[in-house]
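Trainee: In the working numbering, the protein residues as written are 24 to 199. Backbone N, C-alpha and C fix where the C-beta goes; we use that ideal spot for every residue, glycine too. A quick note: this is a predicted structure, and the numbers were derived from the prediction, not measured. This is the structure I want to talk about, given as structure tokens.
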């Protein structure tokens, strides 16, 4: 979809940005695996070192691809125009000028942040279409889940509140 045509984000749209390191590792591992397999097929060198390298690079590729898919963020757009996501999304992905209001939902298992974005179509430009195509099988299974794993929720929520209040964005906290 073209972001200049005014298309809004669909529910469950993946937003990338928290998995750059794993995506890079995945690309390097795939290149290493292909190079090892090509060297193994086109030469009379010993099978064990090059075959072992090909297997190791392939395993590294699968691991990093899986981690990149898990750490990519899935945002869910609700009926009232709020996007529901993990706390790090508001910190890492959005500029605070794009946010109208922030709601923080404190739950027992993991907190969630809902934020209302002024122009949702600007977020659409940030996702690489080739990576979205490559991760499509995973998104069909996890489309409506929040898959970013975080550790320090309280620190991130306090950072969101502090930064939002300094920027003049209203913050509403609710216990769910």
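Please report the straight-line C-alpha distance between residue 88 and residue 53, rounded to a whole angstrom.
Mentor: Here residue 88 is taken as the residue at index 65 of the chain shown, counted from 1. Here residue 53 is taken as the residue at index 30 of the chain shown, counted from 1. Going by the C-alpha atoms only, they are around 10 Å apart.
Trainee: State the DSSP-derived secondary structure class of residue 192, mapped to helix, strand or coil.
Mentor: As a working mapping, residue 192 is identified with position 169 in the chain shown. Coil.
Trainee: Mark residue 82 as exposed unless 16 or more other C-beta atoms lie within 10 angstroms of its C-beta, in which case mark it buried.
Mentor: Within the chain shown, numbered from 1, the residue matching residue 82 stands at position 59. The residue is exposed, with fewer than 16 neighbouring Cβ atoms inside 10 Å.
Trainee: Exposed or buried, which one is residue 136 when buried takes at least 16 other CB atoms within 10 Å?
Mentor: Residue numbering aside, residue 136 sits at position 113 when the chain shown is read from its first letter. It counts as buried.
Trainee: Taking only the alpha-carbon atoms, compute the straight-line gap between residue 70 and residue 57 and give it to the nearest angstrom.
Mentor: Here the question's residue 70 lines up with position 47 in the chain shown. Here the question's residue 57 lines up with position 34 in the chain shown. Their backbone Cα atoms lie some 15 Å apart in a straight line.
Trainee: Between the Cα of residue 80 and those of 66, 182 and 59, spot the shortest distance and give me the residue it belongs to.
Mentor: Here residue 80 corresponds to residue number 57 of the chain shown, with the count starting at 1. For the residues 66, 182 and 59, the minimum Cα distance to residue 80 belongs to 59.
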